[in-house]
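Everything below concerns the one structure shown next.
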Amino acid sequence: MQNQLAGTEAVCFRCGATRALYGEVCAGCGFQPRDEGLLVAWLFSSDYLDGEQLKEAQQRIETGEQPSPGVQSLQVARRALGATLQTDPGLPLAQLLGLLVLSLLLTPLVSWVLWWHARLSQPRVAFQAFAIALPTSLLGLVVGLLLKLG
Ligand SMILES: [Zn+2]
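Just remember that the numbering used here sits 4 ahead of the position in the sequence shown, which is counted from 1.
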């Protein structure tokens with residue numbers, strides 16, 4: 005358990021649990037950051053902190069310290085994320101499901117391409133595409149390995 009943060013990219017600022025994406029529902033406490041909370045959540049991700057800092061932050065949160073990022077940090081986050089995270093409505097459910105089905109049945113590459121194109125201008129779409137691309141890619145990898153082994 006010494007490498008708790010290996011492969012993860014964000015720490016829940018409520019409970020210190022690790023997760024792959026800062027905007028995700030926390031598996032530890034069920035908290036999902038929204039609006040201002042997304043800015044704070046981003047500050048506790050590898051987009052902002054390096055691995056060591058993230059580990060330190062995690063330890064502080066786990067000992068009960070409540071994060072209170074300053075105005076400056078929040079501004080950094082706001083600039084990095086852009087007001088667009090709030091204004092970008094993201095993909096409608098039907099398109100999301102379509103993307104999921106395509107990624108599962110055809111190739112997750114579809115989602116990766118969408119993520120790449122949306123990552124600068126449509127952060128919510130990019131986030132959704134990434135959230136589909138990563139697990140479907142891993143699933144494909146696991147299934148591929150199982151087929152090889154079996
Ligand atoms: Zn949590």
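Virtual Cβ for every residue (Gly too), placed ideally from N, Cα, C.
Please read all numbers here as calculations on a predicted model, not as lab measurements.
Roughly how far, in whole angstroms, is the beta-carbon of Val129 from the beta-carbon of Ala122, given that I think they are within contact range, below 8 Å? By 1-based counting over the sequence shown, the position of residue 129 is 125. By 1-based counting over the sequence shown, the position of residue 122 is 118. Contact holds; Cβ gap of about 4 Å.
Is Ser49 helix, strand or coil when you go by DSSP? The residue given as residue 49 occupies position 45 in the sequence shown. Note: Ser49 maps to strand in three-state DSSP.
Where does Ala31 fall in DSSP's three states? Locating residue 31 in the sequence shown gives position 27, counting from the first residue. In this structure, DSSP gives Ala31 a state outside helix and strand, which the three-state scheme calls coil.
I believe Leu42 touches Leu85 by the beta-carbon criterion, under 8 Å. Please report the beta-carbon distance rounded to the nearest angstrom. Taking the sequence shown and counting its residues from 1, one reaches residue 42 at position 38. Taking the sequence shown and counting its residues from 1, one reaches residue 85 at position 81. Indeed, because the Cβ distance is near 7 Å, the residues count as touching under 8 Å.
Select from Gly20, Gly148, Gly154 the residue whose C-alpha is nearest the C-alpha of Pro71. Sequence index remark: in the sequence shown, residue 71 carries index 67 (1-based). Minimum Cα distance to Pro71 is reached at Gly20.
Among Ser141, Leu124, Trp116, Leu143, which one has its Cα closest to the Cα of Ala133? In the sequence shown, residue 133 corresponds to position 129, counting from 1. Cα-wise, what sits closest to Ala133 is Trp116.
Is Phe48 near ligand 1 - that is, is its Cβ less than 7 Å away from at least one heavy atom of it? Within the sequence shown, numbered from 1, the residue matching residue 48 stands at position 44. At a threshold of 7 Å, Phe48 does not count as near ligand 1, since its beta carbon sits no closer than that to any of the ligand's heavy atoms.
Do three or more CB pairs link the stretch 64-81 to the stretch 16-30 at distances below 8 Å? Contact between the stretch 64-81 and the stretch 16-30 is present: three or more C-beta pairs spanning the two stretches fall below 8 Å.
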